[in-house]
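Per the numbering used here: the sequence shown ends with 373, consecutive numbering throughout.
Positions of the beta carbon are idealized from the N, C-alpha and C atoms, including for glycine.
The structure displayed is predicted, hence computed values, not measured ones.
Below: one structure, written as structure tokens.
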Amino acid sequence: MADGEIRKGLAGVVVDTTAISKVNPETNSLLYRGYPVQQLAERCSFEQVAWLLWHGELPAPEELAAFEARERAGRALDPRVRAVVDAAGRTAHPMDVVRTAVSLLSALDADAHDSSPAAELAKAERLLAAIPAVVAYDQRRRRDLEPVEPRDDLDWSRNFLWMTFGEEPTATAADVFRISMVLYAEHSFNASTFTARVVTSTLSDLGSAVVAAIGALKGPLHGGANEAVMIAFDEIGDPGKAEAWLDDALAAKRKIMGFGHRVYKHGDSRVPTMEAAMRRLVQEHGADALVELYDRLAAAMDVAKGIKPNLDYPSGPAYRLLGFDTEQFTPLFVAARVVGWTAHVMEQRAANALIRPLSAYVGPEEREVPVGG
Ligand code: ACO
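Structure, rendered in structure tokens:
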């Protein structure tokens, strides 16, 4: 890359090293600390994957047990956070609610400004435990339902669904949700993770980095796409209209949400696993029209543009079938990606350099301010 060459959106620019995950677009593969994400999704709990991303190795049984006990002890919704969620009212988008709640959780954390490795890890664990209660409570209050207390006999994924819906998930629902959380947990230098690293690079605190990352994730070109996929499905309605809808949308130069990726140009490595999981839910629910629309739109997009789905495409319908409101989909992404963000905060902190790129100025040449303004 030539000195001074501008790469819009930092496309193709290697900014730093990371040992957390490896995306290989050539082989369509994604490794977390060396392990294929598909194997992790098949064989590990979300707690094991979180530990792996933070520590670099899968937990030993006694490490896992101690971590699970801490996580289960930190699940209850802090009444001060509940008050802030209530204060946001119902017009606030759930991403704004979770961003505000995480800001308060971080401000209240006794280790807020301790950036030692032990304190950073403890804060990361506490956010992992606390965020599901925020999302679940926000979902319930919008349906005029009372909050549900956490259960410490359930793993993180099952408890998340329990607190949201007030009933134990089916085995399929729990598994599909866990898989989606594992797939969403980490993805190298994506926009929100890079945001977290930029904030950390100024020696700011972990809570600020996570709040900023949530802001970056919210946009529909990034995490907001899982919500936008379902909005598009609802707009199309009848599966038979998928092709005509796509023609019109492309003619209007609209971006089709849930398709395309900055790094993967031949398909997202996470899609086959998530799609298979989503189809299990479709079977359980008999949601034939939903999957027909899913298949027809993907096929039409392939023919029209040759652009493949990204992870948000199958996760949107999966979250619909699990029972979440469309607006809650991106907060679910937050609950999982907080693991990746905080792993990157710790990695950035350990070998920090202020992230401060240059720009090429294209504004007016120097000129004089007229006397008198
Ligand atoms: N719909 C329509 N056209 C698309 C799409 C899409 N989803 N994605 C790419 N294209 C087209 C662009 O219009 C462009 O065409 P052109 O060369 O004729 O102008 C070409 O493909 C290249 O696209 P770029 O936007 O330049 O590619 P980039 O790498 O910048 O974009 C991005 C990647 C932002 C994800 C894009 O594919 C997109 O907007 N997708 C929809 C949003 C989305 O699903 N985001 C989720 C990302 S994955 C995640 O966060 C889990």
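Inset, instruction - Go to V23, then tell me how far its beta strand (DSSP E) extends in each direction, as first and last residue. - result: Mapped onto the sequence shown, residue 23 falls at position 23. Segment S21 to N24, the beta strand (DSSP E) holding V23.
Legend entry - C-beta contact flag for R140 and P150 at 8 Å: As a working mapping, residue 140 is identified with position 140 in the sequence shown. As a working mapping, residue 150 is identified with position 150 in the sequence shown. Not in contact: R140 and P150 (Cβ atoms no closer than 8 Å).
Legend entry - M257 CB to nearest heavy atom of the ligand ACO below 7 Å: Numbered from 1 along the sequence shown, position 257 holds the residue referred to as residue 257. True, at least one ligand heavy atom lies under 7 Å from that Cβ.
Legend entry - Proximity below 8 Å, CB of R178 to CB of S45: Walking along the sequence shown from the start, residue 178 turns up at place 178. Walking along the sequence shown from the start, residue 45 turns up at place 45. In contact: R178 and S45 (Cβ atoms closer than 8 Å).
Legend entry - Beta-carbon contacts of R75 that lie in its chain and below 8 Å, excluding the five residues immediately before and after: As a position in the sequence shown, residue 75 is number 75, starting the count at 1. Same-chain partners within the cutoff: A129, A130, P132, A133, P150, D152, N159 and M163.
Legend entry - C-alpha distance - K308 paired with K8, whole-angstrom precision: Your numbering for residue 308 matches position 308 in the sequence shown. Your numbering for residue 8 matches position 8 in the sequence shown. Distance between the alpha carbons of K308 and K8: 22 Å.
Inset, instruction - Tell me whether P79 counts as near the ligand ACO, meaning its Cβ is closer than 7 Å to at least one heavy atom of that ligand. - result: Residue numbering aside, residue 79 sits at position 79 when the sequence shown is read from its first letter. Answer for P79: no, Cβ out of range of the ligand ACO.
Inset, instruction - Check whether the segment 273-284 touches the segment 314-334, counting contact only when three or more Cβ pairs, one atom from each stretch, lie closer than 8 Å. - result: yes
Legend entry - Per-residue DSSP class, three states only, for Y35: As a first step, residue 35 must be located in the sequence shown, where it is residue number 35. Three-state result, Y35: strand.
Inset, instruction - Compare the beta carbon distance of S192 and G223 with 8 Å and say whether it is the shorter of the two. - result: Here residue 192 refers to the residue found at position 192 when the sequence shown is read from its first residue. Here residue 223 refers to the residue found at position 223 when the sequence shown is read from its first residue. Going by C-beta atoms, S192 is nearer than 8 Å to G223.
Inset, instruction - Identify which residue in A73, V98 and A69 has its Cα closest to the Cα of A83. - result: Position 83 of the sequence shown holds residue 83. Residue V98 is the option with its Cα nearest to A83.
Legend entry - Local conformation of L30 per DSSP, three classes: For the purposes of this step, residue 30 is taken as the residue at position 30 of the sequence shown. Residue state, collapsed to three classes: strand.
Inset, instruction - State yes or no: is the C-beta of P220 nearer than 7 Å to some heavy atom of the ligand ACO? - result: Locating residue 220 in the sequence shown gives position 220, counting from the first residue. Yes, the Cβ of P220 comes within 7 Å of a heavy atom of the ligand ACO.
Inset, instruction - Rounded to whole angstroms, what's the CA-CA distance from L104 to D78? Just pull it up for me. - result: Numbered from its first residue, the sequence shown carries residue 104 at position 104. Numbered from its first residue, the sequence shown carries residue 78 at position 78. Those two C-alpha atoms are separated by around 10 Å.
Inset, instruction - Could you say which of V210, E71 and K22 lies nearest to Y264 if we only look at CA atoms? - result: Within the sequence shown, numbered from 1, the residue matching residue 264 stands at position 264. Measuring from the Cα of Y264, the nearest candidate turns out to be K22.
Inset, instruction - Mark A213 as exposed unless 16 or more other C-beta atoms lie within 10 angstroms of its C-beta, in which case mark it buried. - result: Indexing the sequence shown from 1 puts residue 213 at position 213. The residue is buried, with at least 16 neighbouring Cβ atoms inside 10 Å.
Inset, instruction - Check whether the Cβ of A225 sits closer than 7 Å to any heavy atom of the ligand ACO, and report yes or no. - result: Residue 225 sits at position 225 when you count from the first residue of the sequence shown. Checking the Cβ of A225 against the ligand ACO gives yes.
Inset, instruction - Assign K253 to buried or exposed, taking buried as 16 or more other Cβ atoms, counted over all protein chains shown, within 10 Å of its Cβ. - result: For the purposes of this step, residue 253 is taken as the residue at position 253 of the sequence shown. By the 10 Å Cβ count, K253 comes out exposed.
Inset, instruction - Would you give the residue range spanned by the alpha helix (DSSP H) that R320 belongs to? - result: As a working note, residue 320 is residue 320 in the sequence shown. Element bounds for R320: D312 to L322.
Inset, instruction - Would you mind working out which of Q48, P357, W341 and E284 sits nearest V13, comparing C-alpha positions? - result: As a working note, residue 13 is residue 13 in the sequence shown. Cα-wise, what sits closest to V13 is P357.
Inset, instruction - Would you mind sorting G34 into buried or exposed? The rule is 16 or more other CB atoms within 10 Å of its CB. - result: Here residue 34 refers to the residue found at position 34 of the sequence shown. G34 should be labelled exposed.
Inset, instruction - In angstroms with no decimal places, state the Cα-to-Cα distance between F324 and D288. - result: Residue mapping note: residue 324 aligns to position 324 of the sequence shown, counting from 1. Residue mapping note: residue 288 aligns to position 288 of the sequence shown, counting from 1. So the two alpha carbons sit approximately 19 Å from each other.
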